[in-house]
Amino acid sequence: MSRYIATRAIRGSNALVAEAEALLKQAVEEKGADTPVAFPNTAYFLPVTFGMLAHEVNTLGDLEFSLAHAKKLLHPLPEDNLWVPYLGETLDSGMATLLAAEAIEGVRFAYGEEPTLYPGLELAGSTSYPQLNGTGHLNGPIDDIQLRSWGIQLVDGRMPGFAALVGAAHSNEAAVAIVRELQRRNILTFLCGNTNGRSVIDQLHEEGVEMGYDTYIVPFGTDTISAIYPLGFATRSALTFGGLKAGQWRDILIYNKFRVFAFVLALGEVDDLKYAAAAGAISYGFPTIADTVIPEILPTGVTRYEHVISMPWNEIEAETEEERAAKMVQRAIEVRGVKVKITEVPVPVAYGSAFEGEVVRRADMRAEFGGKNSRAFEYLLMAPMDEVEDGKIELIGPGLDTLDEGGSMDLALVVEVAGRKMQEDFEPVLERQFHYFINGASGIQHIGQRDITWIRISKAAAEKGFDLKHFGDILYARFHADFGAIVDKLQIKIITDPDLHAEWLAKAREAYDFRNRRLADLTDDAVDTFYSCILCQSFAPTHVCVVSPQRLGLCGAYNWLDCKASYEINPTGPNQPIQKGQCLDDDKGYFAGVNEYAKMASQGTVEEVTMYSIMENPMTACGCFECIVMVIPEANGVMVVSREDPSMTPAGMTFSTLAGIAGGGLQTPGIMGVGKFYLTSPKFVSADGGFKRIVWMSSFLKETMAEEFKQVAEREGDPDLIAKIADETICTDVEGLLAYLESVGHPALTMDMMF
Amino acid sequence: MAKKERTPEESSRDEAAIRLLEHACAIEVETAFTRADAIAACNIGSQGLCCKNCSMGPCRLVGKTVRGVCGATIATVAARNFARAVAAGASAHSDHGRGLAYTLLEAAEGKAPDYVVRDPVKLNEMARYLGVKTADRSIEEIAKDVALASLTEFGKVEGTVSYLKRAPVKRQKIWQEQGIEPRSIDREIVEMLHRTHIGNDQDAEHILDQALRCALGDGWGGSMLATDLSDVLFGTPAPVRSGANLGILNNNKVNIVVHGHEPTLSEMIVAASLDPELIEYARSKGADGIQLSGICCTANETLMRQGVPLAGNFLQQELAILTGAVEAMVVDIQCIMQGIVPVAERYHTEIITTSPKVKITGATHIEFEEHRALEIAKEIVRRAIDHFPERGEMIVPDVQASVVPGFSHEYITYALGGFYRGSLRPLNDAIAAGRIRGVVANIGCNNARVCHDELFRYVATEFLKNDVLLVETGCGAIASAKQGYMTPEAALEVAGPGLREVCETVGIPPVLHLGSCVDNSRILTVLAQMATEGGLGQDIADIPAVGMAPEWMSEKAISIATYCVASGAYVIMGGSTGPVSGSEEVLHILSEVWESKIGGRLEFVVEGEEIVRRSLEHIDKKRAALGLPEYDASKWGKSGDWRMPELLELPFEKQIEAVYGVNR
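Chains V and E are the protein sequences, given in the same order.
In case it helps, this note's numbering puts the first sequence at residues 1 to 755.
In case it helps, this note's numbering puts the second sequence at residues 1001 to 1664.
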């Protein structure tokens, strides 16, 4: 600290704790101590309070304990002369601030005052508040669903960290520039607070910047108190992925210091409360970088590098606001020690994963390829070395300029790849990357794959000069950067010429068909080698995924071919081949090699693991799973709940609560986190009866995977099976479930007993 | 053979002391300063060459005499003298610790109702190290077993001293390999005396091995227990604000000075001095109230926990009485000069001895008993008040400095991260980065043969300038307190740029007061924790740190120096050529041989400049061995509040844009 910061932070914390006490007292008087208090869709109650104090807040009355603890952490202000030390005292005050801020948000939720309404704002993905009926609002806390879905990106480095912007930038232009810099580096951007009444959220909204989960920009609230939400997110990441338990406060904070790369950008004048909240963030190891003159705290220790940095906006040597923003963000990254890999992609629009979720609406559209009025497809194939001219990008056929505004045309993206370590099996792995690569360009929307590809170019992107050939530039840059180990050369054809398009489409379809058959043949029995995935060990230190051809990783992001390719790309990386070794139990899927590997890589936590059973030594989970499968003993079957489903389940718990049991790298028979495509595998809990055991399933899955499940039902010899599976619209308790199963004659009822 | 008499300015660097020495000279009162001038030190004894261990001697091994009557060599004689000093010093500290264990025992058994467990957390921590069960037990039950377990440490039948396991693992291994783990506290002292008896251990290196073992029983045994037990009984220190030097004596209040080393009685005197009835009684005698202050380590104990101001260090005990403002000087144990009695006889001051172990001819003896502690304390305070009307002329120099003491190792850990993130990581980081070049433990006594406080002041100033963090105890700490270096402002004024950044970040003075001389165990604990925190090696010997006692004089200082060396530290004893200067062989063992065996070394250096030079050289050598960047002060100084005053002085409306800085 510095005495100046200590004074202001301690003053801020004293004030906020007093405010929280007064608010709580009033709330208890007005509404009663039993009034429920909850953040939406989380199993972690008020997460900072839960993590630090192991205290579950369910009602207003429960908040009294939090504030009593917060009060114990308060201290008097440092004297002007002969002051006693203040660093520890300031950090304690910071924690008191966080507990008080979270209590205040809790009270606001009890009053229905959270999330903050923001008429006219439409978020591209947010925590869901059905009660608001579509009124514009800020996000409030991030729910567990989003936390888990970002999990894999946080661990594999695609999303290197998060920045909490507190206040308002020097100008709207500066606000946009800072956020674009962060997006370019795929850093999650959290927005909160205001400076003299004006918030960075207002600034971005005025400038038409799309905010929401899909653009990695989350507006929490327009006061400093909402800065508690990023810290709640941080706390939960330690609980969710780090296998830590509530009350392990020191471990949770240290986990954040070393694994969660977050920092605070204090924009505009820093007031007492902001200093107090920043002091709280410092306990998490998150430094603060201010765009104003404030004292710097350069010695290190509580944070990994400097604690507080001042970069007065006008003193940053630069010609433009963009340049200033770039320098500031760069400095922030250095101060936090964030590892950021940026691939420079030579296109005239901003580029980064943060733009992957952008939607191009019809009204904003310059042109589209695929969809209703045209056909687009993409095809990547392996070619001999001497037939590929590296970097050759051809546009064959009419260009974008021939299209009317809002028009559409046929398009083919054909990529020929050569490489000494390239294999035919990697073709689909690489081809699937088109979606992510192309979507990274700001103003470009990519949906689908193969011959159902659908691409839109926005007017804004076209105005900046984005043209069809830039698809080639993107693919060229990204394949070399990300898959350089297997891709030595590549050339790209962008085909709009109708005849050539038809010719290549036929070739592509032949290849798709071949690959489908190859995949169908690719069974666990047909290979000697499975792959491990320990990508998540940076978050869940004892968890090991074993990926087989018929069981993809639980995050849904890595199947057997992906792992195989990943191993080729990085032989010492997170995906290692596991020789299956002797099969010890064909039915349950015990393999000597898998057991041996799991024991070693889980540091002895897991002794044995089955590939195909939920009842016996099931595979562990980190926290990124797409669905949770859990046994419902009364129904003699299992239910499957997807992370998108916030409803109650027949197990008596929501996804969020179940996730706490399923995750953290622990084996719990009867419960398992899985990738949703594993549900369609013939090896899905095959030792326990397979797909027919599913008695209940989130309707989200039924809808989004209708086609796949239809085929599975046929495979299982019961074409009406899917309709026999209950969902949350039918029942959310065991009684209702049993009644339904009996009424439809679900096969599980007559299968062998699971126990 | 009288030496040249020194002027007051040559005798002390302390302004208050100089003023009172002038006064003493004027009224012809003899003090330790004048006696030191009058008595030349024995030239043979001071080199460690006099053996009086049997009545065939004393043998003076000088000139052509290289063996005593029994044939003992110079090295044997010097080593035995040194080792006996270690034993005496270790016994003093350890007996102090034992006393506290008995106090805790009586408190736990309800026999000493004025004492309670003030720090149950620390009690539980002690219990953990001593193997005392804590689950589902009352504080009294735990306290009783902790007291008994502590007492067992003094005379263990088997095993080794329990607290050794608080040392870094690597250090413990060195002790095992060298066979110098103390088996029990008393046993090693007894064996030390046994071995140095006529006709026994007669190999210098072997004698000195036992000195190491005996000293470890002090540092990681008796002293460490004393510190912990004091914290349990009287509270673990945290920073407070107070004052230091004779100027704190109050012209209008009853001045009671506590002096010695134990907190047991003085804590009660603090309580008694706050008793409204006694304050009223003082008023009835015409005083404005009661002013308590302290000398030596009793002062440090009550300063650290209660903020009782420091009257001065060892050489100021007579001078305090010379102010004429002291109604009573209440002494307990250790470092109490018999010379205070004749000085007090010239005044209304009553010298009151309180320990059953200490009586001084001519002083009042009021023996302290734990079971009626507060009652006795009140009786003493009342006696002091009764003397107030007898006051004559007073000379209280208007000299005092502010001080922020209270740095227990527990608080240091807290200061560096708070309740949630407390650790020594920021300290280790600061050393690793080079903001703090290294750490010096600047401790020990005063010595009437060395200009009072001169070396302390000199080395402290030099180290701070060179970004060295100082941790201090005992009379060395009091010297720095009087110098004004124990204030947070001092960090901004006298520390180098890197140290200043760290002090400003934490809000600490650049010189940390860790307590009394038994509290050197706190320094051991901090060093052990630094070694285990990571980044600075794995052992105390790896840390860029030096221990020193620039103005040492007591046998306790020899014991402290020895256990610090045994713990891996480089230790410099200042002000003289040392007690073994007559034996090259012993000097070689204490330095080279010990360093090769246990990583620490002991040297005796007369001059301040040389002490600083060798210390910085050692620190830089350790930095290099750890692969740390070379110390470079020019890298630091930008952290902190320095930019804020300019901004805050602007009118409010100008501040709004000025916060964004100056346009470039």
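Backbone N, C-alpha and C fix where the C-beta goes; we use that ideal spot for every residue, glycine too.
Given the structure is predicted, the values throughout are model-derived calculations rather than measurements.
Helix, strand or coil for residue i, going by three-state DSSP, please let me know.
i       : result
Y284/V  : coil
S1094/E : helix
G1418/E : helix
V107/V  : helix
S1596/E : helix
V547/V  : strand
W1220/E : helix
H1259/E : strand
W696/V  : strand
E416/V  : strand
P36/V   : strand
I316/V  : coil
Name, in chain order, the residues that DSSP records as bridge partners for residue i.
i       : result
V1439/E : L1469/E and A1545/E
V674/V  : C627/V
P219/V  : L191/V
V338/V  : DSSP, once it has assigned bridges, lists no residue as partnering V338/V.
D585/V  : Y590/V
C1296/E : G1260/E
Do residue i and residue j have their CB atoms nearer than 8 Å?
i       : j       : result
S1293/E : L1265/E : no
V37/V   : I142/V  : no
V757/V  : S237/V  : Summary: the structure shown does not reach residue 757/V, with chain V confined to residues 1 through 755, and so no result is reported for it.
D540/V  : C622/V  : It should be pointed out that residue 540/V corresponds to Ala in this sequence rather than to Asp. Result yes, Cβ atoms of A540/V and C622/V sit closer than 8 Å.
P299/V  : R1435/E : yes
A163/V  : L182/V  : yes
L46/V   : A276/V  : no
G1243/E : P1182/E : no
A441/V  : Y351/V  : yes
P295/V  : I309/V  : no
N1447/E : E1551/E : yes
E424/V  : I486/V  : no
F241/V  : G161/V  : no
I104/V  : L23/V   : yes
What does the alpha-carbon distance come out to for the pair residue i and residue j?
i       : j       : result
A326/V  : I614/V  : 50 Å
G125/V  : L552/V  : 27 Å
V1571/E : N1442/E : 10 Å
Y1163/E : R1098/E : 15 Å
R1643/E : I1656/E : 15 Å
M1001/E : I1543/E : Since pLDDT at M1001/E reaches only 39, below the 50 mark, its modelled position is unreliable, and the value read off the structure follows with that caveat. Their backbone Cα atoms lie some 46 Å apart in a straight line.
L1626/E : S1567/E : 18 Å
R1067/E : G1045/E : 15 Å
P1651/E : K257/V  : 39 Å
Name the residue from the options whose alpha carbon lies nearest to the alpha carbon of residue i.
i       : options                           : result
I1419/E : H75/V, F286/V and D752/V          : At residue 1419/E the sequence reads Phe, which differs from the Ile that was named. Closest option to F1419/E, Cα to Cα, is H75/V.
V415/V  : I5/V, L60/V, F377/V and A713/V    : F377/V
V179/V  : G285/V, L239/V and R324/V         : R324/V
E306/V  : S171/V, G357/V and R331/V         : R331/V
K469/V  : P115/V, R361/V and P348/V         : P348/V
Q445/V  : T402/V, A477/V and R366/V         : R366/V
E394/V  : A477/V, L413/V, T402/V and G407/V : L413/V
Please tell me whether, using a cut-off of 7 Å, the distance from the CB of residue i to the nearest non-hydrogen atom of the ligand COA is below it.
i      : result
T542/V : You won't find the ligand COA in this model; it holds no ligand whatsoever.
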